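Trainee: Got a structure for you, questions after.
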Amino acid sequence: MASMSAYYTSSSAAGPRKPLGKSSPLANSFSLIEYDRDLRFLIMDCPTNNTIALYLKEFARLNVTDVVRVCEPTYLRERLETHGVRVHDLPFKDGDVPPSTVLKQWLELVNERLCDAVSESAAQPVPKTIAVHCVAGLGRAPVLVAVALIEKGMDPLDSIEHVRHKRRGAFNNRQITYLADQYKRTAASKHAKIRASPLNSTASPHASASPAGSGTAVPAIAPKSFFRKMFENKMVTGGV
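Those letters in the sequence shown? Residues 63 to 302, per my numbering, in order.
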């Protein structure tokens, strides 16, 4: 694998993240990532017992059904569960990549909520949302969301860029290498049909037509981004 050092970007140099909404005191802490027309992810920083009430108000507005925390607990899970929000503890080391046990539980949760969301979509105007956080929401939490996007069918480099577009400064160098070169989609997802969604809608100007009779939307092929061009150039030249 060629060196990717030339196109890694420093988290410390990242600008402010785009606000979720002007009315929320947590606007700069939240990043919504669309997954499917019936399901989305919310990357956020870590709540505390003193701030959890603010988060609960936003969770109700965004239809958050689950909170996945990948860091040590900083608030009582009962504070969320009494409001109907399930809490899942999937901790792993700060700055690291998720172990297989965490990946398995994470993808099982995503698949389960997607099935629930599809069956309830007619009666639920707001998509179900899975919130996930580490401490600052810049490393471990974005990695899990990127993994879910890759499993959905998104190219690994596109998943990195997509999450970073929504959450500036996401991922460290090791996590980028893991997503771009080391993570492999599961066998089940490789053979799964990809439904039309905001990420792969046939309404996109770059979308391809579905094969006749397949009933499956072909993921859109977007023009090559600056990030991707740099990656492919380094692969050809052998890196630095």
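From the three backbone atoms N, C-alpha and C, an ideal C-beta is built for every residue, glycine too.
Bear in mind the structure is a predicted one, so any value in this text is a computation, not a measurement.
#1: Would you check if the distance between the CB atom of Gly201 and the CB atom of Phe233 is smaller than 8 Å?
#2: Starting from the N-terminal side, write out each stretch of the beta strand (DSSP E) that is 3 residues or longer and does not extend beyond the segment 167-252.
#3: Helix, strand or coil for Leu118, going by three-state DSSP, please let me know.
#4: Using CA atoms only, rank isn't needed, just tell me which of Phe92, Thr144 and Leu206 is closest to Ser162.
#5: Helix, strand or coil: which one does DSSP assign to Glu96?
#6: Helix, strand or coil, according to DSSP, for Ser272 in the structure here?
#7: According to DSSP, is Leu101 part of a helix, a strand, or is it coil?
#8: Are three or more beta carbon pairs between the segment 212-221 and the segment 242-249 nearer than 8 Å?
#9: Leaving out five residues before and five after Glu213 in sequence, what residues of the same chain have Cβ atoms less than 7 Å from its Cβ?
#10: Spatial neighbours of Ala198 within its chain, please: C-beta separation below 7 Å, excluding the five flanking residues on both sides.
Mentor: Let's see:
#1: Looking up residue 201 in the sequence shown gives position 139. Looking up residue 233 in the sequence shown gives position 171. A contact, by the Cβ cut-off of 8 Å.
#2: The segment 167-252 contains these whole beta strand (DSSP E) runs: 190-195.
#3: Start at 1 with the first residue of the sequence shown, and residue 118 comes out as number 56. Here Leu118 sits in helix by DSSP.
#4: As a working note, residue 162 is residue 100 in the sequence shown. Comparing Cα positions, the closest option is Leu206.
#5: Along the sequence shown, one-based indexing puts residue 96 at 34. Residue state, collapsed to three classes: strand.
#6: Taking the first residue of the sequence shown as position 1, residue 272 is located at position 210. Any reading at Ser272 must be qualified, since the residue scores a pLDDT of 34, below 50, and its modelled position is unreliable; the value itself is stated next. Coil, per DSSP.
#7: The residue you call residue 101 lines up with position 39 of the sequence shown. Correct three-state label for Leu101: strand.
#8: The segment 212-221, when compared against the segment 242-249, does touch it at the 8 Å Cβ threshold.
#9: Taking the first residue of the sequence shown as 1, we reach residue 213 at position 151. These residues qualify, in order along the chain: Leu169, Arg247, Thr248 and Ser251.
#10: Here residue 198 corresponds to residue number 136 of the sequence shown, with the count starting at 1. Beyond the five residues adjoining it in sequence on each side, Ala198 comes within less than 7 Å, by CB distance, of Asp107 in the same chain, given in chain order.
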